[in-house]
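Colleague: Numbering (full-length UniProt numbering), first residue to last: 1 to 363.
Note that CB positions come from ideal geometry on N, CA and C, so glycine has one too.
This is the structure I want to talk about, given as structure tokens.
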């Protein structure tokens with residue numbers, strides 16, 4: 001993966017040939033944390049030039065005072081771009097995360113109505129340019145409406161997963177990781193699980209049951225919550241045009257694992273107390289899309305196994321997200337994401353957690 005380079009001046013940037021740009025990208029390798037790279041003037045110039053070229057191909061122009069860079073994370077950064085057609089968003093993704101430009105391109109073959117519009121992408125550099133998509137579901141829903149709305153979203157998302165069955169090989173060929181349930185277990189046992197041998201039998205048994213579920217491998221968003229769904233308003237009708245975004249943690253694997261984050265969302269974003277009846281309603285909505293393949297009762301039986309394996313996938317995705325991070329970023333994010341997941345695996349499997357647990361391997 002490569003990035004932008006220093007140039008003499010913006011005018012020279014605009015005049016550079018395609019061959020110059022390719023040579024520049026080949027020279028500049030990511031030899032530093034991505035968050036540091038993304039804050040350099042050279043990288044911003046290169047990104048801005050690409051934005052301008054992408055807009056020009058659409059007959060649009062950029063307002064000169066932009067782009068602005070509101071946020072930098074270890075795994076991505078965004079630039080806000082005001083254009084002659086309104087606001088747009090540029091995103092750069094770390095090469096250690098799932099390739100979002102590939103995911104959008106491939107899923108658009110089978111479920112274009114469930115994805116945001118993409119104006120331009122660069123799969124080599126992990127860059128995206130999109131028009132502003134409006135509001136997120138968490139902005140238009142409230143504590144009273146979220147359960148009904150989220151039920152509809154989960155049905156819509158499950159249909160996207162079913163459509164993705166036809167393109168999983170394309171996703172994997174494009175760099176999306178394929179993590180079968182047994183493979184997630186092997187990664188766990190080679191990493192964090194090495195210090196927790198008592199977890200081995202329970203996670204292996206859960207993986208075996210999931211592998212025998214009869215469900216096909218699909219795209220698994222791996223961070224499905226109301227902040228990653230665009231929705232124009234809080235009406236039930238708007239749910240039928242909701243769009244799913246932020247696929248950087250995604251992988252190809254068992255679709256049921258998507259429910260781990262999805263079931264936590266109403267409590268996390270809207271402060272709702274734990275409610276088994278609410279969870280049961282959401283699960284019913286989701287599994288209804290699979291009932292012709294696997295009986296809903298069987299899928300509900302498999303849910304605890306899926307939620308356990310989803311914790312392993314969550315850990316692995318964060319390890320990847322921090323693959324080009326600084327030590328400070330790892331110290332910030334691992335306790336927020338990885339440590340709680342490790343604790344949950346121990347709680348479910350009945351294993352006491354020693355302190356500290358050795359870090360897992362990247363992967």
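For the alpha helix (DSSP H) that residue 333 lies in, which residues bound it at each end?
Modeller: From DSSP, the alpha helix (DSSP H) with residue 333 extends over 327-333.
Colleague: Do the stretch 248-260 and the stretch 168-181 make contact, defined as three or more Cβ pairs closer than 8 Å?
Modeller: Short answer: they touch.
Colleague: Taking Cβ to Cβ, would you say residue 137 is nearer than 8 Å to residue 81?
Modeller: No, the Cβ-Cβ distance between residue 137 and residue 81 is not below 8 Å.
Colleague: Taking the continuous alpha helix (DSSP H) assigned at residue 304, which residues delimit it?
Modeller: That run of the alpha helix (DSSP H) goes 296-321.
Colleague: Near residue 303, what residues of its chain come up, given a Cβ to Cβ distance below 8 Å and the 5 sequence neighbours on each side ignored?
Modeller: The residues are 256, 259 and 283.
Colleague: In whole angstroms, give me the CA-to-CA distance for residue 103 and residue 171.
Modeller: Distance between the alpha carbons of residue 103 and residue 171 is about 6 Å.
Colleague: For the structure I just gave you, are there three or more beta carbon pairs, one from the stretch 237-250 and one from the stretch 144-154, closer than 8 Å?
Modeller: Flag = yes, the stretch 237-250 and the stretch 144-154 touch.
Colleague: Taking contact to mean 3 or more Cβ pairs, one atom from each stretch, closer than 8 Å, check whether the stretch 324-342 and the stretch 71-79 are in contact.
Modeller: Contact holds: three or more Cβ-Cβ distances are below 8 Å.
Colleague: Using a threshold of 8 Å, state whether the C-beta atoms of residue 140 and residue 234 are closer than that.
Modeller: Yes, these two residues count as a Cβ contact at 8 Å.
Colleague: Buried or exposed: where does residue 91 fall if 16 or more other Cβ atoms within 10 Å of its Cβ makes it buried?
Modeller: Under this definition residue 91 is a buried residue.
Colleague: Kindly confirm or deny that the stretch 210-223 and the stretch 116-130 touch, where touching means at least three C-beta pairs closer than 8 Å.
Modeller: The answer is no - the stretch 116-130 does not touch the stretch 210-223, with fewer than three Cβ pairs under 8 Å.
Colleague: Residue 198: buried (16+ other C-beta within 10 angstroms of its C-beta) or exposed?
Modeller: With fewer than 16 Cβ atoms within 10 Å of its Cβ, residue 198 is classed as exposed.
Colleague: Distance check for residue 35 and residue 208, CA to CA, integer angstroms please.
Modeller: Using only the alpha carbons, I get a separation of about 39 Å.
Colleague: Residues bridged to residue 66 by DSSP?
Modeller: Answer is none; residue 66 lacks a bridge partner.
Colleague: Output the residue ranges of the beta strand (DSSP E) runs that lie fully inside the stretch 172-236 and measure 3 residues or longer, sorted by chain position.
Modeller: Counting only runs of 3 or more, we get 218-220.
Colleague: Kindly indicate which three-state DSSP category residue 345 falls into: helix, strand or coil?
Modeller: Three-state DSSP puts residue 345 in a helix.
Colleague: Distance check for residue 295 and residue 210, CA to CA, integer angstroms please.
Modeller: Distance between the alpha carbons of residue 210 and residue 295 is about 14 Å.
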